[in-house]
Every structure is written in C-alpha cells, then in structure tokens.
Amino acid sequence: MKAAVGATFGACVVARESGGSPQVMNSSGHYGLYQFSASTWQAYGGSAASFGNASVSEQNRVFNNAMAQGG
20 MKAAVGATFG
30 ACVVARESGG
40 SPQVMNSSGH
50 YGLYQFSAST
60 WQAYGGSAAS
70 FGNASVSEQN
80 RVFNNAMAQG
90 G
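Residue numbers (our numbering): 20 to 90.
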C-alpha cells in the first residue's frame, strides 16, 4: 500500500523538527511533533490550554488543518 503524499511529508516534518518526540519544547517555545508556535497552534485549531501537552492525535489534527489551509 502506498502512503499518501501528505503522510510522507508529515513524517519528514516530524523527523526533522522533533525526532518523533511528541512532548518536546525547544528553547524558543516551539512545541510537539511539528514544532508549532503557540500562535500557529491556535490559528489551525489547537486549544490554547493543550499547547505544551497535546496528544499525538491532536497534534496530527492541527497539522492536517494547517496543510488543508495551505499553512
């Protein structure tokens, strides 16, 4: 079965940005698998309350929202 292009891109982003660690926060305040800033997280549907402790599924949902909206 062939992976979707978006899934492949997402996997590359995760590998580069977080190395697969879903709860990593860098020194500039970017968080999670995709290293979202708080403002980008919220802009694409992430809850302000969950920034810094979101589940993998929520992080994937926000990433997918960003991709669907051209982010």
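Every residue, glycine too, gets a C-beta built ideally from N, C-alpha and C.
Contact between Y63 and A85 holds, since their C-beta atoms are separated by about 4 Å, short of 8 Å. Residue environment analysis places F28 among the exposed positions, since fewer than 16 neighbouring C-beta atoms fall within 10 angstroms of its C-beta.
Annotation: the segment 26 to 62 contains the following complete segments of the alpha helix (DSSP H) (minimum length 4 residues), in chain order: 57 to 62. When the Cα atoms are used, Q88 and R80 turn out to be separated by approximately 12 Å.
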